[in-house]
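To keep things clear, I will list the structure first and then write my remarks on it.
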Amino acid sequence: MQGFSPAADNNKSAILSILSHYLSVGDHVFEIGSGSGQHAIHMSASLPEIQWQPSDRAINLPTLSSNILEYGPPNLRPPIELDLDKPSRAIPSAVQCVYAANVMHIVREALGAELISWAAERLDERGYLILYGPYRYAGEFTTESNKNFDEWLKKRDSESGIRDFEWVIKLAAERALTLVKDHAMPANNQCLVFQKTA
Ligand SMILES: C[S@@+](CC[C@H](N)C(=O)[O-])C[C@H]1O[C@@H](n2cnc3c(N)ncnc32)[C@H](O)[C@@H]1O
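Sequential numbering from 1 applies to the sequence shown in our numbering.
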């Protein structure tokens, strides 16, 4: 596996248990920022009745494509380019779930907002947006390790950083995405699950 991420390997089972709860037979999932493809491969292999569309920036596609070609099951589609900095409006509509793991704290705030808008436009009525990663609550980090992680992120890229839960909820609500559950996950992460309302 090229670009293997130990973190993605560690959290994939816990995330699968959340996704399985919200997905139904025949659903289409669109993943933003698929990285090495480890989540895409694990989730699609474990949920063969789901169609999974991975995506990432162009620079990441060669690694992602190669991993998917080698390890992906038939219900995992070849990855496509989706850069939140230049989001394509041509990408299929009416998916039942948009999933993004560890993307909101990597991209700058405006692109995090774009992710939520993009998802709101693409989701079917009652579809889910599922965001995995760490968040701050009432301006506080949930743990010292998340505070250190935020400092580390900002040293790499001053515009990245752990986002405020309240900011995400407000942006989502403005786009008719209602928080249905905030799942606490291992390693001080969260799975925020939003559902599109009419
Ligand atoms: C920390 S990695 C997470 C990868 C994978 N989802 C996981 O959880 O292991 C962040 C991902 O966001 C992607 N990314 C960064 N900037 C992006 C952008 N402008 N548009 C779309 N994806 C982006 C990166 O290429 C990378 O795959």
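Virtual Cβ for every residue (Gly too), placed ideally from N, Cα, C.
All figures in this text were calculated on a predicted structure; none of them were measured in a lab.
For residue i, I'd like the list of residues in its chain whose CB is within less than 7 Å of its CB, leaving aside the five on either flank, ordered along the chain.
i    : result
V98  : F30, I32, A119, R122, L123, L129
R126 : Q195, K196
D9   : Q38
G112 : M104, R163
V95  : H28, V29, F30, R122, L123, D124, G127
S5   : G35, S36, Q38
Candidates the options: which alpha carbon is nearest residue i's?
i    : options               : result
H21  : I50, Q2, S36, I41     : I50
L47  : L61, H28, S34         : H28
I41  : A14, E159, L69, A58   : L69
K154 : P134, Q2, H105        : H105
V180 : D164, I169, L82       : I169
Y137 : N75, W52, D182, F4    : D182
T178 : T143, L131, E144, I15 : L131
E144 : S13, N189, V193, S24  : N189
K101 : G3, D157, S34, E114   : Note that residue 101 is Ala in the sequence shown, not Lys. Among G3, D157, S34, E114, the Cα nearest to that of A101 is on S34.
P73  : Q96, V95, M43, K86    : M43
V193 : K86, S93, L23         : L23
L64  : N75, P79, Q53, V25    : P79
G26  : L84, W52, A7          : W52
E159 : R108, S17, I18, E114  : R108
L76  : S93, K86, A110, A45   : A45
P134 : A184, D85, A110, A198 : A184
D85  : S93, A110, Y71        : A110
Please indicate yes or no: does the CB of residue i lie closer than 6 Å to some heavy atom of ligand 1?
i    : result
D124 : no
V29  : no
N189 : no
L179 : no
V98  : no
A14  : no
G161 : no
A3   : The sequence as given places Gly at residue 3; Ala does not occur at that position. Outside the cutoff, so no.
I106 : yes
D83  : yes
D9   : no
Just to confirm the assignment, what range does the alpha helix (DSSP H) spanning residue i have?
i    : result
V168 : 165-174
T197 : That residue, T197, is in no alpha helix (DSSP H); it is neither H nor E in DSSP.
P6   : 6-22
Leaving out the 5 sequence neighbours to the left and right, which residues in its chain are closer than 8 Å to residue i when beta-carbon positions are compared?
i    : result
G161 : H105, D150, L153, K154
K221 : Look at the range of the chain in this structure, 1 to 198, and you will see that residue 221 is not part of it.
E81  : S55, D56, R57, A58, L61, S88
P186 : N10, N11, A14
I116 : L129, V168, L171, A172, R175, L177
A198 : E125, A176
I'd like to know if residue i contacts chain B, where contact means its C-beta is closer than 7 Å to some C-beta of that chain.
i    : result
F149 : Of the protein chains in this structure there is only one, and it is not chain B.
Between which two residues does the beta strand (DSSP E) containing residue i stretch?
i    : result
D182 : 177-185
I32  : 28-32
Report whether the distance from the Cβ of residue i to the nearest heavy atom of ligand 3 is below 6 Å.
i   : result
A40 : In the structure on display, ligand 3 does not appear, and the ligands it does have are ligand 1.
In chain order, what residues of the same chain lie with their CB nearer than 6 Å to the CB of residue i, ignoring the 5 residues before and after it?
i  : result
M1 : N67
(request) Give, in chain order, every unbroken run of the alpha helix (DSSP H) that is at least 4 residues long and sits entirely within the stretch 91-144. (result) 109-122
(message) Ignoring anything shorter than 3 residues, give me the beta strand (DSSP E) runs that lie fully in the stretch 34-65, in order along the chain.
(response) Contiguous beta strand (DSSP E) elements confined to the stretch 34-65 occur at 51-53, taking only those with 3 or more residues.
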